[in-house]
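Report on the following structure.
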Amino acid sequence: MSEKRSSFTGKLGFVLAAAGSAVGLGNIWRFPYLAAQYGGGIFLLVYIILTLTFGFSLMAAEIAIGRKTGQSPIGAFTALGKKYAIVGYIGAAIPALILPYYSVIGGWVLKYMVGFVTGEGKAMATDGYFGAYISGPSEPVAWFIVFITITAFIVILGVNKGIEKVSKVMMPVLIALTIFIAVYTICTMDGAIEGVKYYILPDFKKFSFKTVVAAMGQLFYSLSIAMGIMITFGSYMKKDISIEKSIHQIEIFDTGVAFLAGLMIIPAVYAFSGLDGMNSGPGLMFITLPKIFETMPGGNIIGVVFFVMVFFAALTSSISLMETVVAVFQDRFKMDRIKATLLVLVISVSLGLISVFGYSIWSDFTLFKMQMLDFFDFLTNSLMMPICALLTCIVVGYCIKPKALIEELEIGGRFRSKLLFKVMICGIAPVCILLILLSSFGVIKI
Ligand code: TRP
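Going by the working numbering, the first residue of the sequence shown is number 50, and it counts up by one from there.
Right, here's the structure in full:
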C-alpha cells in the first residue's frame with residue numbers, strides 16, 4: 050500500500066478521536082457496576098493506580114507501534130516480524146467478540162430512551178422491571194437488532210464523522226448531566242453520603258486478587274487497549290505530536306467520566322438498597338437510574354436527555370468497533386466495504402442473539418456458571434485482552450526491545466516516563482498478567 054495514510058489534524062484531533070472511542074458504555078454502564086461489586090473505594094484505588102502505570106505503558110507501546118509502522122494491528126505486528134502476526138490476529142478478534150454483546154446493551158439503552166419518551170418512566174422505576182424486560186422473549190431481540198443495524202448503516206454510509214461531531218457536542222452535556230444527577234442524589238437522598246464513602250474511601254480488608262483482575266479487565270476495555278485499536282489510531286497520528294501528553298489527556302478524560310458515572314450510581318444504590326444492592330451486576334445502571342429520575346422534578350425529561358446522550362456515546366463506540374472488524378475483513382478477504390459490513394452484521398447478530406437469549410429462553414444454559422453475556426464479557430476482558438497484553442509486552446520487551454519504541458515515543462516531545470515504561474513492559478506487567486491468567490484458568494490460587 051503506497052497511498053499516503055490520512056492523519057489527524059492538529060493536536061486535539063487525535064485526543065478527541067481516541068477519547069471518543071474510549072468513552073462509551075464501558076465508563077457509564079460497566080465501571081459503576083464493577084466498582085459496586087468489588088468493594089467500592091478499593092476498586093477505585095486499584096483502578097487508578099493501574100491506569101497510571103499499566104494502562105499508560107501499554108497504550109504508549111501500542112500507539113508507538115502504530116505510528117512507527119503506519120499500519121493497523123495485523124500489518125503492524127507483521128512489520129515488526131512475521132512471527133509476531135499472531136498477536137495482531139488475537140487483537141483483531143477481540144472487537145469482533147465485543148461488538149455483539151456491546152450492541153445488546155446498546156439495545157437496552159435504546160429501550161430505556163424510548164421508554165422515557167413514551168412516558169413509561171414510572172413503570173421502569175418499579176422493582177423487577179429490568180429483570181422482567183431482559184427475560185422477555187422478543188423485545189430485547191428487537192432493540193438489539195435495531196441498535197446494531199443503525200451501527201451498520203452508519204458504517205456503510207460512511208457518515209460516522211457526522212455522528213462523531215454530534216457526540217462531541219453531546220459529551221460535555223452528558224458530563225454536566227452526570228454531575229447534576231450525582232449532586233442531586235447526594236443532596237436529597239438519605240443514606241447517599243454513606244454510599245459516597247463506600248465509593249471513595251478504600252477499605253483494604255476488601256482487597257483481593259479478584260479486584261485486580263476485574264480492574265485490569267475494565268482498564269483494557271475502557272481505554273480500548275490490548276486489542277490493537279490504539280495501533281490503528283497511532284498509525285494516523287502525526288509525528289510532531291507528543292504521545293505521552295496525549296495519553297495523559299485520554300486517561301484523565303476516560304477515568305474522569307467513569308468516576309463521575311460511579312458517583313451518580315453508587316450512592317443512589319446505597320440509599321435505595323444498602324450493601325445488598327451492590328451485587329446487582331450488569332443491570333445496575335438500568336435499575337438505579339429510573340428510580341432516581343422518578344424522585345426528581347421533571348425526571349421524565351431528564352431521563353430522555355440522559356439516555357439520548359448515553360445512546361450517542363454507545364453509538365460512537367459501536368461504530369468504531371464495527372469499523373475495526375470491517376477493516377480486517379476488507380484487508381484479509383479483499384471484500385468491498387458494503388459486503389464486508391453486511392457479513393459482519395450477520396455474524397454479530399448471530400453472536401449477539403446468544404447473549405440476548407442467555408437471559409431469556411436459554412437462561413438455564415450457563416458456561417462456567419456465567420450467563421452468556423457475562424461469558425462473552427469474561428472471555429474478552431479477562432482472558433483474551435490479558436493474553437494480547439502479555440504477548441505485546443513480550444514482543445516489545447524482549448523481541449524488538451523497548452528502545453525501538455522509545456525512539457518513536459521521543460519524536461514529538463520529551464518522553465519523561467522512560468523508566469516506568471521499561472520496568473512495566475519488561476517486568477511488572479507481564480509477570481502480573483501471567484499470574485492473573487493462571488489464576489483465571491484455575492492453575493494457581495491467589
Ligand atoms: N472503550 C469502549 C467503552 O468504554 C468500549 C470499547 C472496547 C471500544 N473496545 C473498543 C470502543 C474498541 C471502540 C473500539 O465503552
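Don't be surprised by glycine CBs; every beta carbon is placed ideally from N, CA and C.
Every value quoted in this text rests on a predicted model; they were computed, and no experiment measured them.
In terms of side-chain proximity, the C-beta atom of P144 is found nearer than 7 Å to a non-hydrogen atom of the ligand TRP. The three-state reading of DSSP puts L416 in strand, counting E and B together.
Looking at F424, L206, I199 and D413, the one whose alpha-carbon comes closest to that of P331 is F424. Using a cutoff of 7 Å, the CB of G156 does not count as near the ligand TRP, since none of the ligand's heavy atoms is closer than that. Distance from the CA atom of T200 to the CA atom of V190, rounded to whole angstroms, is 16 Å. Counting every other CB atom within 10 Å of its CB across the protein chains shown gives K452 a total below 16, marking it as exposed. With respect to A109, L458 sits close: the two C-beta atoms are nearer than 8 Å.
Considered as a whole, the segment 130-159 harbours no complete run of any beta strand (DSSP E) with no fewer than 3 residues.
Here the C-alpha atom of G62 lies approximately 30 Å from the C-alpha atom of K388.
Taking one beta carbon from each stretch, the segment 65-81 and the segment 216-235 have 3 or more pairs nearer than 8 Å; the two touch. Remark: the C-beta of L65 is outside contact range of the ligand TRP, defined as less than 7 Å to any heavy atom. The alpha carbon of I228 has as its nearest neighbour, out of M334, A310, I301 and M279, the alpha carbon of A310. For T260, the Cβ stays outside the 7 Å cut-off from all heavy atoms of the ligand TRP.
One Cα belongs to E213, the other to G69, and the distance between them is close to 8 Å. Within the same chain, Cβ atoms closer than 7 Å to the Cβ of T260 are found at Y87, G88, I91, F92 and V95, the five residues on either side in sequence being excluded. Distance check between V393 and each of V204, T102 and V153 places V204 closest, using alpha-carbon atoms only.
In this structure, the alpha-carbon of Y161 lies about 19 Å from that of F406. Leaving aside the five residues that flank T337 on each side, the residues in its chain whose CB is nearer than 6 Å to its CB run, in chain order, I314, A317 and V318.
The nearest non-hydrogen atom of the ligand TRP is 7 Å or more from the C-beta of Y150. Look at the beta carbons and you see the segment 338-346 not touching the segment 135-150: under three pairs across the two are nearer than 8 Å. Under the three-state reduction of DSSP, G168 is assigned to coil, being neither helix nor strand. Placement of the Cβ of I278 at a distance of less than 7 Å from at least one heavy atom of the ligand TRP is found.
Under the three-state reduction of DSSP output, D380 falls in the helix class.
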